[in-house]
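All you need for my numbering is the position in the sequence shown, starting with 1, plus 20. Even for Gly, the Cβ is constructed at its ideal location relative to N, Cα and C. These figures come from a predicted structure and were not determined experimentally. Encoded as structure tokens, the structure appears first; notes follow it.
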Amino acid sequence: MVFLSICYFQLNSIAQLNWSASIDSVSVLSSPRSVDLNNDGIKDVVIGSGTDSAYSNYGVVAINGANGQVLWTTPTRDEIFSSANF
21 MVFLSICYFQ LNSIAQLNWS ASIDSVSVLS SPRSVDLNND GIKDVVIGSG
71 TDSAYSNYGV VAINGANGQV LWTTPTRDEI FSSANF
């Protein structure tokens, strides 16, 4: 079983962990892409993931940049290797 963990740090005079997110049974080979998906002025994180040659409920995952909650997922029939393009 594979777990995805993403940590978001705010860099100012002191590095501070703002949030972290974990998603069960996901492997990631793509680079994360940051984009404001929900128009709140904070960049969210989109990753391509999934399982090689197998159906996955987490083929593409969007994570809220404000709190680390999953905004949405898109199932895929194979692993996503490329990064999101917006």
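Segment limits, beta strand (DSSP E) that includes residue i
i: Pro95; result: 90–96
i: Ser42; result: 36–44
i: Ser102; result: Segment: none, Ser102 is in no beta strand (DSSP E) and carries neither H nor E.
Environment of residue i [buried if 16+ CB atoms lie within 10 Å]
i: Asp64; result: buried
i: Gln89; result: exposed
i: Val66; result: buried
i: Val22; result: Because the pLDDT of Val22 is 44, which lies under 50, any placement of that residue in the model is unreliable, and the number read from its coordinates should be weighed accordingly. Under this definition Val22 is an exposed residue.
i: Gly70; result: buried
i: Val48; result: buried
i: Ala82; result: buried
i: Val55; result: exposed
Rounded distance between the beta-carbons of residue j and residue i, thought under 8 angstroms
i: Pro52; j: Ser76; result: That pair is no contact at about 17 angstroms.
i: Asp98; j: Asp72; result: 7 angstroms
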